[in-house]
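Colleague:
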Amino acid sequence: ESQTCQKRRRMTSGNHCKSSWDASVSMYATGKYSSRGPALIPRMKTKHRIYYITLFSVVLLGLIATGMFQFWPHSIESAADWSLDKRSVHDAPLVRLPVSSPIPERGDLGCRMHTCFDVYRCGYNPKNRIKVYIYPLQKFVDELGVPISSTGLSREYNDLLSAISDSDFYTDDVTRACLFIPSIDVLNQNSLRIRETAQALAMLPRWDKGMNHLLFNMLPGGPPDYNTALDVPRDRALLAGGGFSTWTYRQGYDVSIPVYSPLSADVELPERQPGPRRYFILSSQTAIHREYRAELERLKEENGEALLLLDKCSNLSQGAAAARKRCYKGQVYDYPQILQESSFCVVLRGARLGQAALSDVLQAGCVPVILADSYILPFSEVLDWKRASVVIPEEKLSEMYTILKSIPHRQVEEMQRQARWFWEAYFSSMKAIGVTTLQIINDRIYPYAARTYEQWNNPPVVKWSSVNSPLFLPLIPPRAPGFTAVVLTYDRVESLFRVITEISKVPSLAKLLVVWNNQNKSPPEESLWPKIGVPLKVVRTKENKLSNRFFPYDEIETEAVLAIDDDIIMLTSDELQFGYEVWREFPDRLVGYPGRLHLWDHEMGKWKYESEWTNEVSMVLTGAAFYHKYFNYLYTYKMPGDIKNWVDAHMNCEDIAMNFLVANITGKAPIKVTPRKKFKCPECTAIDGLSLDQTHMVERSECINKFASVFGTMPLKVVEHRADPVLYKDDFPEKLKSFPNIGSL
Amino acid sequence: MQARKKYVLLGLCACCWLVLFYWGGGVQLRLLRLLTRHRGEVVRPWPNWTDRAFLPRYAHLDELQTDPGTAESPRQRRQAWSAIYKDSRCRMETCFDFTRCRRRGREGFRVYIYPSEKNDRVSESYRKILTSIGESRYYTSDPREACLFVLGIDTLDRDQLSGQFVPNVDERIRGYPLWNDGRNHLIFNLYSGTWPNYTEDLGFNIGQAILAKASLNTEHFRPGFDVSIPLFSKDHPQKGGERGWLVRNTIPPRRKYLLMFKGKRYLTGIGSDTRNALHHIHNGKDIVSLTTCRHGKDWEKHKDLVLSGSLSPEESLDSFICATCVQAACIPVLLSNGWELPFSDVIQWNQAVIEGDERLLLQVPSTVRAVGNERVLALRQRTQMLWEAYFSSVDKIVLTTLEIIKDRVFSHISRNKYMWNSLPGGLLVLPEYSTHLAHFPFYYLGLGVSPGQEFTAVIHAVSPLVSQSQPIMKLLQVVSKSKYCSQIIILWNSEKPPPSRSKWPPMPVPLTVTDGRRKTTSRFLPHVAIETEAVLSLDEDTVLLTSEVNFAFLVWRSFPERIVGYPPRSHFWDPLKRAWGYTSKWTNDYSIVLTGAAFYHRYYHYLFSHYLPQSLRTLVDRTSNCEDILMNFLVSAVTHLPPIKVAQRKQYKELPSPQGTKSVPWANPEHFNQRQECVNTFANWFGYMPLVHSQFRLDPVLFKDQVSVLRKKYKDLEKA
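Order-wise, the sequence lines are chains A and B. Sequential numbering from 108 applies to the first sequence in our numbering. Sequential numbering from 64 applies to the second sequence in our numbering.
1. With a threshold of 7 Å between beta-carbons, can Ile417 of chain B be considered close to chain A, or not?
2. Assuming Glu624 of chain B contacts Ser526 of chain B (C-beta within less than 8 Å), just tell me the rounded distance between them.
3. Specify the secondary structure class of Thr686 of chain B as computed by DSSP and reduced to three states.
4. Pick helix, strand or coil for Leu773 of chain B, following the three-state DSSP scheme.
5. Starting from Val593 of chain A, follow the beta strand (DSSP E) in both directions and report where the run begins and ends.
6. Let's test the definition: count the other Cβ atoms within 10 Å of the Cβ of Lys69 of chain B and tell me whether it reaches 16, buried, or not, exposed.
7. Just curious, the beta strand (DSSP E) that Leu554 of chain B is in, first and last residue?
8. Establish whether the CB of Leu578 of chain A and some CB of chain B are separated by less than 7 Å.
9. Could you name the residues of the same chain whose beta carbon sits closer than 6 Å to that of Ala272 of chain B, not counting the 5 residues immediately before and after it, in chain order?
10. Give a yes or no on whether 7 Å exceeds the smallest Cβ distance from His320 of chain A to chain B.
11. Residues in the stretch 114-128 of chain B with C-beta within 9 Å of chain A's C-beta atoms, listed in sequence order?
12. Specify, as a first and last residue, the run of the alpha helix (DSSP H) that Asn252 of chain B falls within.
13. Cβ of Ala270 of chain A within 7 Å of Cβ of Tyr240 of chain A?
14. Exposed or buried, which one is Val772 of chain B when buried takes at least 16 other CB atoms within 10 Å?
15. How about Lys666 of chain B and Val698 of chain B: are their beta carbons less than 7 Å apart?
16. Nearest chain B C-beta to Asn265 of chain A closer than 7 Å, yes or no?
17. Do Thr591 of chain A and Pro637 of chain A come within 7 Å of each other at the CB atom, strictly closer than that value?
18. In three-state terms, what does DSSP make of Gly855 of chain A?
19. If you drop the 5 nearest sequence neighbours on each side, which residues of the same chain put their C-beta closer than 6 Å to that of Gln414 of chain B?
20. What's the gap between the Cα of Arg647 of chain A and the Cα of Pro747 of chain A?
21. List the residues of chain B that Met325 of chain A touches, going by C-beta distances under 8 Å, in chain order.
22. Taking Glu378 of chain A as the reference, which of A:Gly472, A:Asp361, A:Leu299 has the closest Cα?
23. Whose Cβ in chain B lies nearer than 9 Å to the Cβ of Phe839 of chain A?
24. Should the stretch 527-545 of chain B be called in touch with the stretch 492-502 of chain B, which here means at least 3 C-beta pairs below 8 Å?
25. At least one CB of chain B closer than 7 Å to the CB of Ser141 of chain A: is that the case?
26. Counting along the chain, where does the beta strand (DSSP E) carrying Lys432 of chain A start and finish?
27. Using beta carbons (cut-off 7 Å, strictly below), is Thr686 of chain B in contact with chain A?
28. Determine the chain A residues that contact Trp517 of chain B at a beta-carbon separation under 7 Å, and present them in chain order.
29. What runs of the alpha helix (DSSP H), each 4 residues or longer, lie entirely inside the stretch 657-711 of chain B?
30. Can you check the stretch 361-409 of chain A for any alpha helix (DSSP H) of at least 4 residues that lies completely inside it and give the ranges in chain order?
31. Along the chain, where does the beta strand (DSSP E) that runs through Tyr175 of chain B open and close?
32. Does any residue of chain B have a CB that is nearer than 7 Å to the CB of Leu162 of chain A?
33. Which residues does DSSP list as the beta-bridge partners of His705 of chain A?
34. What residues from the stretch 756-769 of chain B come within 8 Å of chain A, judged by C-beta to C-beta, listed N to C?
35. So the candidates are A:Gly686, A:Asn655, A:Trp690, A:Ile778; which of them puts its Cα closest to the Cα of Val754 of chain A?
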């Protein structure tokens with residue numbers, strides 16, 4: 108009965124275990140008390156009441172006491188267990204396999220996720236994450252007491268299992284598990300007794316024809332013909348194998364994994380900048396078939412110093428030291444360091460397809476040249492090897508030099524970077540290999556939550572600098588739906604009405620939305636509003652916040668939104684219509700009228716806001732700008748950091764924030780349309796006075812610096828162009844122009 | 064005294080409980096655990112073994128580095144393989160003769176079509192496939208230089224009950240001298256087997272031939288060898304094809320129905336269980352299941368895979384293939400276990416569709432509901448992209464099939480997954496040009512890099528050099544003065560030989576003169592001398608200012624995938640002539656900018672010379688005209704966007720001058736008519752009109768603003 112606590116103890120601290128128990132016991136008791144008590148007690152005589160209350164107290168105390176009693180000795184016991192937890196591998200329970208114990212069938216090559224995998228075990232789960240159970244370690248021996256494997260649990264497999272048990276995938280609950288990982292180490296087939304290992308697998312309590320079981324194997328096959336998949340019969344178990352060929356690999360079922368190179372744990376190779384290296388091609392493998400070696404020698408004769416063909420050092424004896432040295436004509440080189448000196452490194456197949464050298468080569472940031480026909484490259488289901496390696500058919504070994512020479516330099520550099528990234532993310536440790544394997548299986552089971560190509564393949568530096576615009580499809584939306592004008596107003600009713608009247612003249616206006624930001628005052632009565640030809644809606648807000656202007660109101664039914672201040676009356680109908688036409692050609696950008704610029708202030712060492720007449724533009728003010736409604740959604744729900752709160756607190760810079768947001772997600776500059784105007788209305792000099800105020804400018808500069816630090820970069824793009832109608836200011840009759848009334852004040 | 068009894072009982076119970084607790088073992092504990100929901104086993108991670116550091120390695124370094132090796136020579140092994148791995152175990156290495164495609168790249172990959180015999184009935188669909196191959200740049204009529212062979216016999220419909228079934232295929236193909244047990248042959252098939260179980264049996268032995276088949280079963284699919292193609296109807300357009308139906312990216316992206324299933328419902332046969340189950344998730348509100356029982360002509364043969372999310376009711380989902388659903392801009396929810404998705408070799412379907420497991424059908428509604436707005440938006444655009452890139456016409460389907468095979472044959476010069484799955488799609492990305500992503504104009508943003516800082520000017524010279532005051536001299540000086548100019552190439556297309564080096568003015572940038580062989584298309588040849596990404600294409604008589612060049616170049620850097628130029632032109636549909644018209648009049652919009660002065664990416668040179676068919680280039684060379692229109696067609700077809708016109712000081716030479724000097728070809732009405740014809744010929748080849756209109760031009764920010772000239776960077780542009 109104390110097991111529960113002991114188990115928990117291994118996860119958490121002892122105190123925690125006890126307190127959770129106490130809490131549950133007392134909760135149970137009080138629950139009972141409160142449900143029965145009030146109904147009965149009032150009807151009883153005082154004498155009885157005292158009696159029963161005493162009785163209850165006794166029971167309660169008794170329960171608590173027993174609780175303590177139950178736990179006290181056990182917690183001492185489990186403290187003893189604690190040291191036991193620091194167990195040795197040799198303490199694993201021994202399991203004797205009877206000779207006649209059943210052997211699983213050989214794996215079925217037709218197995219696919221939908222035929223051999225039980226998805227019901229994984230079920231629907233909001234986190235879209237599979238649960239993995241690891242069998243406790245057991246030591247299997249045959250009837251004579253000979254273990255089934257010469258090595259038992261290897262260090263690598265132990266690392267793999269503990270990494271999985273530390274990951275989010277792990278569950279200790281065998282009933283909730285979707286995937287089972289046996290603790291029987293089959294990484295290296297050479298150290299296994301095949302028949303006995305298979306029997307041991309079949310003995311596993313949840314084996315059930317290998318359903319949902321995952322085996323990890325790196326060195327499959329044995330002499331003389333070296334099968335490309337593990338020879339152990341394994342029913343329907345999935346195999347994460349190194350060295351699959353296209354014939355043994357069950358696409359979408361098995362996972363191809365790398366052959367782990369223990370050298371990567373021992374040797375630290377610092378990342379080298381991509382670029383040309385001393386050697387062009389390097390071959391470092393020691394047991395290359397003589398036919399291939401002859402071929403390589405021939406290539407070296409033809410191309411000289413660019414090639415370096417290394418071999419085993421004859422004067423060194425076998426062992427770890429020999430594994431770290433390579434020789435060429437008596438000259439000794441350090442391995443794997445020498446790999447960093449070459450642009451391309453040859454990875455030839457041997458008896459097995461998967462080679463540990465691939466891992467070393469990637470670690471060195473050398474581009475692997477893989478010559479292994481029919482080899483399924485590690486994690487090829489998700490990794491785009493064409494961006495990190497060159498795969499050449501074995502037949503074309505003699506053409507290798509010309510093929511590699513034809514690759515542009517810049518691409519070689521990108522491949523070097525990519526190779527190193529693959530190693531860091533997916534090859535560097537058993538943990539990386541194990542977690543990647545589980546992630547791939549997870550992606551198959553929850554394909555709708557799968558990681559994307561970019562997530563798998565882009566190194567962090569590319570992930571950081573690249574953008575994936577949410578509106579990437581080149582579409583010019585139809586003119587017909589028009590746009591919705593959103594006017595943010597507080598109480599300048601007169602000016603607001605003028606703006607409404609002006610905007611209503613724009614042909615493509617579909618709807619007008621007034622965001623009434625004044626909670627103390629109601630908007631004017633309906634009859635007082637100007638009569639316009641399109642629907643006019645007033646939205647009252649709960650708080651006077653600037654971010655209300657960018658809320659994705661359901662009332663906005665068009666893609667295009669025109670954000671406009673309640674004092675912008677100087678824009679002509681032609682200008683607005685033209686702005687909308689330009690937006691249609693750039694639906695993923697901000698298209699606005701007044702442009703602004705950010706500058707780097709060298710003296711102060713920070714960004715500066717600029718509203719002068721400049722030749723460049725990096726922002727457009729949202730006092731009058733068209734943009735896609737999607738950005739409202741992003742502004743409201745996806746704005747990074749505390750920018751939204753900052754804007755609302757300072758009552759300023761909402762437009763700068765929007766410019767940052769759009770530029771950051773699209774990587775594109777805004778479009779300023781039509782010539783510059785003095786955006787000044789005669790009546791509102793006070794406001795303009797404010798906006799010209801020095802403090803205002805300082806605050807806006809501050810905003811830019813603040814936002815740049817939140818985004819971690821300066822996303823704004825500077826351009827030198829603005830959009831005008833094709834015939835703007837051209838010597839052409841005004842009446843024939845589509846937008847004659849542009850630029851007039 | 065009922066209460067007292069009750070309490071005595073209760074007291075007794077408590078006593079029993081206590082007694083049990085002290086002596087009774089784990090009964091209560093188990094009970095308690097049940098009550099407090101401490102079910103199952105408690106977290107028990109993998110132990111941290113004390114002797115972890117002493118565990119043996121899984122393999123010795125020696126074992127890993129020194130491969131055991133095989134006695135067998137690799138060459139022998141490869142030969143032995145082709146004997147073992149054949150038929151259903153075919154792979155490219157064993158069943159395909161690479162030596163037939165020996166020559167490198169595009170030149171090596173040639174497709175031969177067997178002539179069809181007189182009495183052969185060829186279905187409409189197969190005729191379209193053959194036409195596509197015949198018109199493609201890979202076609203050859205000489206079987207000796209072919210790398211791939213396509214049968215003339217219609218193998219699309221192998222349902223014996225079908226009217227289009229061709230009997231005795233086996234005997235006939237065996238009679239072909241080039242059959243070679245199917246090696247290097249490509250067999251197209253849409254329907255196989257017959258009712259009710261539709262096996263994958265084609266009714267003849269395909270041997271070592273590659274199978275391009277619709278609705279391939281994963282079990283019979285030979286990975287890396289067969290190609291799964293989409294099912295298409297006989298009405299599927301030969302070329303061009305409709306654009307997708309997604310025209311707006313509305314937010315929130317939901318439509319009236321969340322989930323819709325349209326298809327046949329069988330009481331028996333394949334998929335009937337799933338279909339019946341589908342009926343159970345139908346709720347009449349946002350999840351509808353439309354099924355019919357009528358058996359049409361060739362409808363019933365295939366697994367209906369159109370369980371589609373976010374489908375609006377007015378869009379007729381009039382087909383049974385996923386592709387139509389893709390066109391309709393709804394997101395396919397695929398519930399087909401064991402179906403190899405079309406072009407699954409190269410297309411990453413999980414980025415465009417929602418895949419579900421047939422066995423978990425009842426989870427589909429909750430799965431679909433859990434998909435976020437952003438993802439719906441992205442999925443819808445991606446399905447559209449795939450539709451337009453690979454499915455919208457028979458041409459695209461067939462070419463994609465050929466390109467996939469070609470990528471396998473020349474694996475080291477092939478497209479990577481990124482090229483296949485991002486705009487503008489794999490067919491428009493030619494790996495022979497480069498396999499490096501940054502060499503294309505499409506991927507700058509996705510890679511986080513920006514276009515180069517320099518450009519190469521290519522000047523098309525046709526008139527001989529006689530005086531130092533010729534326009535070309537002025538042009539050379541103007542262009543070479545630009546700080547962004549890295550080199551100038553003069554394409555000498557005059558009848559006279561090019562003048563000696565000393566005749567050209569001294570310049571701060573290198574000048575190269577190349578022979579254009581007097582062909583108009585030579586101006587768009589991918590000259591190796593062009594090292595920069597940007598190309599400034601110029602006519603010899605173009606009048607420009609250095610600041611105009613600089614400004615246009617900066618604009619191009621913002622739009623590297625488009626043409627950025629000065630003089631605009633426009634096309635229009637002429638309803639009277641029922642043809643496309645071309646105009647050089649001043650209009651409020653434009654769809655073409657002349658390449659007599661324009662910036663664009665050098666990749667378009669390659670596309671122009673290698674992607675476009677020889678026939679169009681010949682037309683251009685014959686008439687010495689229209690090369691600029693063709694370039695605009697090409698770029699707009701790739702980008703789906705209009706070109707960009709930038710500010711220019713003066714009007715361009717092609718001004719319709721009232722007196723019309725005879726010597727200039729563009730004043731010639733003949734010249735103009737030719738251009739009209741060109742527009743129609745080109746639109747015909749593309750299968751649609753790729754040109755798109757634009758209504759704006761890009762000017763410098765302070766262009767003609769009322770501010771001091773001193774403030775303006777591009778003041779020269781405003782001088783009259």
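We treat Cβ as the ideally placed atom computed from N, Cα and C, and that holds for glycine. Here the structure is a predicted model, which means the values were calculated and not measured.
Modeller: Quick answer:
1. Stepping through the second sequence from its first residue, residue 417 of chain B is reached at position 354. So, interface residue.
2. The residue labelled residue 624 of chain B in the question sits at position 561 within the second sequence. The residue labelled residue 526 of chain B in the question sits at position 463 within the second sequence. In fact, because the Cβ distance is near 33 Å, the residues do not count as touching under 8 Å.
3. Looking up residue 686 of chain B in the second sequence gives position 623. If DSSP states are grouped into helix, strand and coil, Thr686 of chain B belongs with the helices.
4. Mapped onto the second sequence, residue 773 of chain B falls at position 710. The answer is helix: DSSP assigns Leu773 of chain B an H, G or I state.
5. If you number the first sequence from 1, residue 593 of chain A lands on position 486. Taken as a continuous stretch (DSSP letters only), the beta strand (DSSP E) holding Val593 of chain A covers 590-596.
6. Your numbering for residue 69 of chain B matches position 6 in the second sequence. Exposed, because fewer than 16 other Cβ atoms sit within 10 Å of the Cβ of Lys69 of chain B.
7. The residue you call residue 554 of chain B lines up with position 491 of the second sequence. Leu554 of chain B -> beta strand (DSSP E) spans 548-555.
8. As a position in the first sequence, residue 578 of chain A is number 471, starting the count at 1. Output row for Leu578 of chain A: interface = yes.
9. Your numbering for residue 272 of chain B matches position 209 in the second sequence. Excluding positions up to five away in sequence, the list reads Gly245, His248, Ile250.
10. Locating residue 320 of chain A in the first sequence gives position 213, where the first residue counts as 1. No, because no Cβ of chain B sits closer than 7 Å to the Cβ of His320 of chain A.
11. Asp114, Arg115, Ala116, Phe117, Leu118, Pro119, Arg120, Tyr121, Ala122, His123, Leu124, Asp125, Glu126, Leu127, Gln128
12. Counting from 1 along the second sequence, the entry for residue 252 of chain B is found at position 189. Here Asn252 of chain B belongs to no alpha helix (DSSP H); instead the beta strand (DSSP E) covers 248-252.
13. As a working note, residue 270 of chain A is residue 163 in the first sequence. As a working note, residue 240 of chain A is residue 133 in the first sequence. Against a cut-off of 7 Å, the Cβ pair of Tyr240 of chain A and Ala270 of chain A comes out as no contact.
14. Numbered from 1 along the second sequence, position 709 holds the residue referred to as residue 772 of chain B. Flag for Val772 of chain B reads exposed.
15. In the second sequence, residue 666 of chain B corresponds to position 603, counting from 1. In the second sequence, residue 698 of chain B corresponds to position 635, counting from 1. Sequence check: residue 666 of chain B is Tyr here, not Lys. Contact: no.
16. Within the first sequence, the letter at position 158 stands for residue 265 of chain A. Taking Cβ atoms only, chain B reaches closer than 7 Å to Asn265 of chain A, which makes this a yes.
17. Taking the first sequence and counting its residues from 1, one reaches residue 637 of chain A at position 530. Taking the first sequence and counting its residues from 1, one reaches residue 591 of chain A at position 484. Going by C-beta atoms, Pro637 of chain A is not nearer than 7 Å to Thr591 of chain A.
18. The structure shown does not extend to residue 855 of chain A, since chain A is modelled only from 108 to 852, so the question has no answer here.
19. In the second sequence, counting from the first residue as 1, residue 414 of chain B sits at position 351. Within the same chain, Gln414 of chain B has close Cβ partners Arg445.
20. The residue you call residue 647 of chain A lines up with position 540 of the first sequence. The residue you call residue 747 of chain A lines up with position 640 of the first sequence. Approximately 26 Å between the Cα atoms of the pair.
21. Within the first sequence, numbered from 1, the residue matching residue 325 of chain A stands at position 218. The answer, in chain order, is Tyr121, Ala122.
22. For the purposes of this step, residue 378 of chain A is taken as residue 271 along the first sequence, with counting starting at 1. Closest by alpha carbon: A:Gly472.
23. Stepping through the first sequence from its first residue, residue 839 of chain A is reached at position 732. Simply Trp649.
24. no
25. Numbered from its first residue, the first sequence carries residue 141 of chain A at position 34. Caution applies to Ser141 of chain A, whose pLDDT of 39 falls short of 50 and renders its modelled position unreliable; the value that the coordinates give is listed next. No, Ser141 of chain A does not count as interfacial toward chain B.
26. Taking the first sequence and counting its residues from 1, the one referred to as residue 432 of chain A is at position 325. Counting along the chain, the beta strand (DSSP E) containing Lys432 of chain A begins and ends at 432-435.
27. Within the second sequence, residue 686 of chain B is the residue found at index 623, counting from 1. Chain A, which has no Cβ nearer than 7 Å to the Cβ of Thr686 of chain B, makes this no.
28. Taking the first residue of the second sequence as 1, we reach residue 517 of chain B at position 454. Per the sequence shown, residue 517 of chain B should be read as Glu rather than Trp. Within chain A, no residue comes near Glu517 of chain B; the closest Cβ sits about 15 Å away, beyond 7 Å.
29. 666-673, 677-686, 690-702
30. 370-373
31. What you label residue 175 of chain B is simply residue 112 of the second sequence in a count that begins at 1. Looking at the DSSP string, the run of the beta strand (DSSP E) that includes Tyr175 of chain B is 174-176.
32. As a first step, residue 162 of chain A must be located in the first sequence, where it is residue number 55. Yes, because at least one Cβ of chain B sits closer than 7 Å to the Cβ of Leu162 of chain A.
33. Mapped onto the first sequence, residue 705 of chain A falls at position 598. Paired residue(s): A:Tyr716.
34. Ser757, Gln758, Phe759, Arg760, Leu761, Asp762, Pro763, Val764, Leu765, Phe766, Lys767, Asp768
35. Indexing the first sequence from 1 puts residue 754 of chain A at position 647. Val754 of chain A has its Cα closest to that of A:Asn655, out of A:Gly686, A:Asn655, A:Trp690, A:Ile778.
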